[in-house]
Each structure stands twice: as structure tokens, then as C-alpha cells.
Amino acid sequence: MRISGISSHINADAIKKIDQERKSASITTTNKANKDSSVFSDDAKRLSASSADVGAVKAQAEAHPEIRPEKVQEAKQKIQSGFYDSEEFIDQLAEKIMRDFGIG
Numbered sequence: 000m001r002i003s004g005i006s007s008h009i010n011a012d013a014i015k016k017i018d019q020e021r022k023s024a025s026i027t028t029t030n031k032a033n034k035d036s037s038v039f040s041d042d043a044k045r046l047s048a049s050s051a052d053v054g055a056v057k058a059q060a061e062a063h064p065e066i067r068p069e070k071v072q073e074a075k076q077k078i079q080s081g082f083y084d085s086e087e088f089i090d091q092l093a094e095k096i097m098r099d100f101g102i103g
């Protein structure tokens, strides 16, 4: 035995209801997409700016070599001439160390 009239009528109503829900969901999704926005906290904005600063400093550091031959040559000349062994240099160094540590 086969009953065919009732099930096809019920299915048609169910299909109409599903189609209406899909259309409604599509309209809601479209409206939400138009209203979406991003809001960033002040901390996030500062972090972003800091990150940009770090990137700029890193680029500058990479552009300059770590070992500068002219400074190495200058230091070698000072060592050979005895500059670092002079009383004047030792006094200046001692004063700077005391000042940096808050002693003098």
C-alpha cells in the first residue's frame, strides 16, 4: 500500500518554509556585512605604533655595519700611543664610573 498525496503536500510546505528562512538569513547576513566595523583600543593603537618604530630602528641598524673599521683603527692607534695608560684618561674614566654609579 502506498500513500502519496499527503507526503508531497507536506514536503512542499516544508520546502517553502526552508526557502523563506534562507532568504531571511541571506538578508540578515547582507545587512550585518554592511554594518561590521573594527574598533581598536588605545593600547592596541600604541602597540601598533611601537611596532612600526621598532621596524624603523631595525632597518637603520641593518643598514649600518656592526664593526666600523675606522673606529677599530682609531682604538688601535690610541692603544699603541699609550692614550689609555695616561693619568688624564684614568682620572676621567674613574670620574665617569663614579658619576654613573652615583658615588661622586
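If you count by numbering that gives the first Met the number 0, then the sequence shown holds residues 0 to 103, one letter each, in order. The C-beta atom is built at its ideal place from N, Cα and C for all residues, glycine as well. Everything numeric in this text was worked out from a predicted model, so none of it was measured.
Proline 64 (DSSP reduced to helix, strand or coil)
coil
Which of the three DSSP states, helix, strand or coil, is assigned to serine 85?
Correct three-state label for serine 85: coil.
Assuming lysine 77 and tyrosine 83 are in contact, meaning their beta carbons sit under 8 angstroms apart, how far apart are those beta carbons, in whole angstroms?
6 angstroms
Straight-line Cα distance separating leucine 46 from serine 40:
Straight-line Cα distance between these residues: approximately 10 angstroms.
Tell me the DSSP secondary structure of aspartate 35 in three-state form.
In the structure shown, aspartate 35 falls within a coil segment according to DSSP collapsed to helix, strand and coil.
What is the DSSP secondary structure of isoleucine 106, reduced to helix, strand or coil?
No statement about residue 106 is possible, as the shown extent of the chain runs from 0 to 103 and does not include it.
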